[in-house]
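**Student:** Sharing a structure with you now.
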């Protein structure tokens, strides 16, 4: 579990567990989102993709209790803070957690 957690307090890790083939449109969208704001670059320090057809990663999903794929896990230093099959929910969550409430005053 420690391997999946972000490097420190106030930081996040995003993990995508999938079966069969990696959906490139979602990975591209996640990378674009990650690069869309300096706060995301500073606080999301791990983005990893885990193919469930590979033995060690299949075991990790079982340990984490993941049964349905694909699924995103967002983690902070305390553990899993979001589990969802939807990239849109991941982006929404991270925006709510990381962006200043009044973003218009800075743009």
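Numbering (the working numbering), first residue to last: 21 to 127. We treat Cβ as the ideally placed atom computed from N, Cα and C, and that holds for glycine.
In chain order, which continuous runs of the alpha helix (DSSP H) of length 4 or greater are located wholly inside the segment 36–85?
**Tutor:** If we require 4 residues or more, the alpha helix (DSSP H) runs fully inside the segment 36–85 come out as 44–54, 58–63, 75–84.
**Student:** How should residue 95 be labelled, buried or exposed, when 16 other C-beta atoms within 10 angstroms of its C-beta is the threshold for buried?
**Tutor:** Within the chain shown, residue 95 is the residue found at index 75, counting from 1. The residue is buried, with at least 16 neighbouring Cβ atoms inside 10 Å.
**Student:** If we ignore side chains and look at the alpha-carbon of each, how far apart do residue 69 and residue 42 end up?
**Tutor:** Taking the chain shown and counting its residues from 1, the one referred to as residue 69 is at position 49. Taking the chain shown and counting its residues from 1, the one referred to as residue 42 is at position 22. Their Cα atoms are separated by approximately 8 Å.
**Student:** How would you call residue 61, buried or exposed, if buried means at least 16 neighbouring beta carbons within 10 angstroms?
**Tutor:** What you label residue 61 is simply residue 41 of the chain shown in a count that begins at 1. Label assigned to residue 61: exposed.
**Student:** Considering just the uninterrupted stretch of the beta strand (DSSP E) at residue 24, what are its terminal residues?
**Tutor:** Along the chain shown, read from residue 1 onward, the residue named residue 24 stands at position 4. That residue, residue 24, is in no beta strand (DSSP E); it is neither H nor E in DSSP.
**Student:** Pick helix, strand or coil for residue 116, following the three-state DSSP scheme.
**Tutor:** Here residue 116 corresponds to residue number 96 of the chain shown, with the count starting at 1. If DSSP states are grouped into helix, strand and coil, residue 116 belongs with the helices.
**Student:** Please name the residue, chosen from 74, 38, 33, that lies closest to residue 65 on a Cα-to-Cα basis.
**Tutor:** Taking the first residue of the chain shown as position 1, residue 65 is located at position 45. Ranking 74, 38, 33 by Cα distance to residue 65 puts 33 first.
**Student:** If you draw a straight line from the alpha carbon of residue 119 to that of residue 87, how long is it in whole angstroms?
**Tutor:** Your numbering for residue 119 matches position 99 in the chain shown. Your numbering for residue 87 matches position 67 in the chain shown. Distance between the alpha carbons of residue 119 and residue 87: 31 Å.
**Student:** Can you list, in chain order, the residues of its chain with a C-beta nearer than 6 Å to that of residue 140? Leave out the 5 residues immediately preceding and following it.
**Tutor:** With the chain running from 21 to 127 in the structure shown, residue 140 is simply not present.
**Student:** Going by DSSP in three states, residue 124 sits in which element: helix, strand or coil?
**Tutor:** The residue labelled residue 124 in the question sits at position 104 within the chain shown. At residue 124, the pLDDT of 46 sits below 50, so the modelled position is not reliable; the number obtained from the coordinates is stated separately. Correct three-state label for residue 124: helix.
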